[in-house]
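With this note's numbering, letter number 54 in the sequence shown gets 59, and the count goes up by one each step, no holes. Each residue gets a CB set at the ideal place from its N, CA and C atoms; glycine is no exception.
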Amino acid sequence: MNFTHLHTHTEYSLLDGSNKIKEYIARVKELGMDSAAITDHGVMFGVIDFYKEAKAEGINPIIGCEVYVAPNSRFDRESRGAGDDRYYHLVLLAENNKGYQNLMKIVSKGFVEGFYYKPRVDKEVLRMYHEGIIALSACLAGEVQKYLTRGMYEEAKKAALEYEEIFGKGNFFLEIQDHGIPAQKTVNQQQLILSQDTGIPLVATNDVHYTYAEDAEPHDILLCLQTGKKLTDADRMRYEGGQYYVKSYEEMAQLFPYALEALENTNQIAKRCHVEIEFGVTKLPKYDVPDGYTAWEYLNKLCREGLERKYPNPEPYLVERLEYELGVIKEMGYIDYFLIVWDFIRYARENGIMVGPGRGSAAGSIVAYTLDITKLDPMKYQLLFERFLNPERVSMPDIDIDFCFERRQEVIDYVVRKYGKERVVQIVTFGTLAARGVIRDVGRVMDLPYAMVDSIAKMIPNELNITIDKAITKSKELRTAYEEDAQVKKLIDMAKRLEGLPRHTSMHAAGVVISQKNVDEYVPLSRASDGSITTQFTMTTLEELGLLKMDVRIVR
């Protein structure tokens with residue numbers, strides 16, 4: 006017999022999940038499972054990393070999200086649910102590519118339209134984008150379970166039937182969980198009755214927040230980081246009982262001997278869920294060329310005019326080099342890319358906005374030079390075009406462009422006006438719990454003496470990409486403290502389990518994505534702390550997905 010985890014939080018349920026994707030997939034494989042889901046809280050930050058890791062290990066990746074559903078409208082900024090609830094939980098899983106598209110839309114709406122404490126959606130959004138999605142009623146914070154907890158059986162039944170009506174028969178499941186919480190046992194018995202009463206099938210899940218049973222303690226520390234508490238604080242958020250790990254089929258069967266069908270349903274759902282994500286196919290926007298030209302003709306015209314300007318009466322070898330580069334650009338499908346970059350640099354210069362000379366491998370391109378994208382003559386310095394664009398190595402061209410600090414936003418505003426605000430979005434980046442910082446954070450939560458924690462943190466060499474393990478091998482002082490002082494060992498062991506987890510999101514200082522269609526057709530959207538909309542995927546992921554990202558950097 007087998008079981009599939011369908012309710013799983015990874016490291017991307019920020020400061021709430023410590024279940025690292027690599028470890029999660031390795032554990033699932035070790036337990037003999039062939040599928041696994043990702044259902045982070047309200048976000049899809051980790052789905053591409055998860056998808057790639059699962060595929061690499063021969064595991065079927067089930068893409069999902071545990072969304073927050075507003076009791077009424079997502080536009081409401083008041084709580085008016087049963088018992089004054091701000092939101093309910095609901096697990097959504099993409100059954101197919103259409104479901105994946107719809108899931109991105111749903112999650113984006115939560116941030117763009119429904120954000121109030123959390124990114125909330127409502128039943129109108131669920132109806133709009135229900136196709137290709139399987140829904141589970143979630144944990145005790147789900148709407149059905151909340152009503153059952155309050156003894157409101159008829160309201161629970163009505164809510165369950167409404168979700169079934171939204172997603173379609175066979176696409177909504179009543180979710181049962183058992184982490185040793187008394188309320189769950191009561192609610193599970195009620196859900197058995199509700200399932201018989203309505204014909205809505207049951208599914209058993211474990212609300213995974215960390216990988217192994219022994220991760221309960223470092224995870225507890227992570228919750229304290231999230232809430233600004235110490236372990237010794239009486240009144241703080243806890244996940245009691247240590248049961249929120251990746252369990253085996255046998256462990257799940259011991260919990261639900263009365264509902265083995267609910268375990269089997271996890272496999273039935275897993276068999277239905279297949280999403281194929283496309284990598285490396287460019288999704289460039291089209292540049293709007295003047296009447297009478299194709300994009301290819303217009304790029305040639307601009308380059309030939311630029312060649313005459315830069316090299317009056319150009320030698321044949323210059324014309325030959327230009328034609329060679331243009332041929333590669335056409336073959337690789339980047340005609341519009343060069344026109345788009347040329348256009349916004351032209352706009353900046355015409356409006357007196359300071360533009361840098363262009364950095365990086367783009368300086369090796371005579372096309373970039375004739376278009377005034379770069380200011381350095383590649384022929385004079387014998388720079389190689391192939392370092393920038395090479396037909397043998399399919400990767401997006403990357404031009405780093407510096408703009409004046411005070412007026413960079415004007416350039417972005419121009420791009421937004423030209424392509425539409427739904428197609429131009431700034432890019433997310435993640436801050437992580439790095440070696441020194443995580444030791445300080447864990448020490449604070451454990452309420453250890455500041456001087457002691459400070460001295461341990463300072464033993465970590467101040468190097469790029471240093472890890473605690475590397476530091477222990479490099480620093481004899483740190484190694485001795487770790488081996489000889491039990492308190493230091495505990496501090497470092499806890500810090501190591503949390504090291505590398507994403508801590509918060511922010512907006513990338515330079516990255517902007519410009520897309521062929523609305524960005525949320527390809528990527529889920531999020532909201533930065535200042536309220537501006539960003540992608541949920543990082544710069545490198547966007548590039549892998551074939552999206553055009555611009556490095557619009559700042560010079561002071």
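Contact check, residue i vs residue j, beta carbons under 8 Å
i	j	result
T287	G551	yes
H94	A146	yes
Y56	T216	no
N193	I181	yes
G311	T375	yes
H214	N24	yes
L530	L230	no
T9	I43	no
L141	A165	no
L179	I138	no
D452	L260	no
L207	A143	no
L307	W347	yes
I406	D556	yes
D45	I26	no
Y168	K123	no
V450	I226	yes
Y292	D341	yes
V360	I334	no
D202	K162	yes
Distance, residue j Cα to residue i Cα
i	j	result
N7	D183	18 Å
K110	N305	39 Å
R155	F410	56 Å
R428	E336	25 Å
Q273	V518	38 Å
A264	T210	12 Å
I358	K475	45 Å
A221	G247	5 Å
K174	E148	18 Å
I282	P317	49 Å
A491	L503	19 Å
I538	Y152	34 Å
N107	Y527	10 Å
Y250	K494	24 Å
R532	I404	26 Å
I171	V96	14 Å
A87	E159	Below a pLDDT of 50, predicted positions are generally treated as unreliable, and A87, at 46, falls in that range; the measurement from the model is reported next regardless. Looking at the two C-alpha atoms, the distance is approximately 13 Å.
K60	Y92	34 Å
N102	A188	37 Å
G575	D535	Only positions 6 to 561 of the chain appear in the structure, and residue 575 is not among them; the question remains open.
L394	Y134	39 Å
E16	P466	26 Å
E100	G69	9 Å
Status (buried if at least 16 other CB within 10 Å, exposed otherwise) for residue i
i	result
F80	exposed
S520	buried
T485	exposed
A353	buried
F50	buried
K554	buried
G448	buried
K252	buried
K114	buried
K190	exposed
N356	exposed
R508	buried
T545	exposed
N176	buried
S366	buried
Q150	buried
Supposed contact pair residue j and residue i - C-beta distance, whole angstroms, cut 8 Å
i	j	result
M464	E489	13 Å between Cβ atoms; not a contact.
L11	T379	So it is not a contact: roughly 51 Å between Cβ atoms.
A275	S511	Not quite, the Cβ-Cβ distance comes to about 35 Å (not below 8 Å), so this is no contact.
I477	A440	Contact flag wrong, Cβ pair sits at about 10 Å.
A500	V443	5 Å
beta-carbon residue i near the ligand ATP non-hydrogen atom, thresh 7 Å
i	result
Q259	Inclusion of the ligand ATP in the displayed structure is not the case, the ligand content being empty and no account of it being possible.
Every unbroken alpha helix (DSSP H) inside the stretch 433 to 487 [4 residues or more]:
Those alpha helix (DSSP H) runs which fall completely within the stretch 433 to 487 and span 4+ residues are 440 to 450, 455 to 463 and 473 to 479.
Along the chain, which unbroken stretches of the alpha helix (DSSP H) at least 4 residues long are found entirely within the stretch 178 to 247?
187 to 203 and 221 to 232
Length-filtered (3 minimum) beta strand (DSSP E) runs lying within the stretch 513 to 537
530 to 532
Could you give the uninterrupted runs of the beta strand (DSSP E) lying entirely in the stretch 71 to 109, keeping only those of 3 residues or more?
List check, beta strand (DSSP E) in window: 93 to 99.
For the stretch 119 to 174, which segments carrying the alpha helix (DSSP H) assignment without a break, of at least 4 residues, lie completely within its bounds, in sequence order?
128 to 133, 148 to 154 and 158 to 172
With a floor of 4 residues, list each alpha helix (DSSP H) that falls wholly inside the stretch 241 to 321, ordered by position along the chain.
254 to 260, 265 to 277 and 300 to 315
Could you give the uninterrupted runs of the beta strand (DSSP E) lying entirely in the stretch 382 to 441, keeping only those of 3 residues or more?
405 to 409 and 429 to 437
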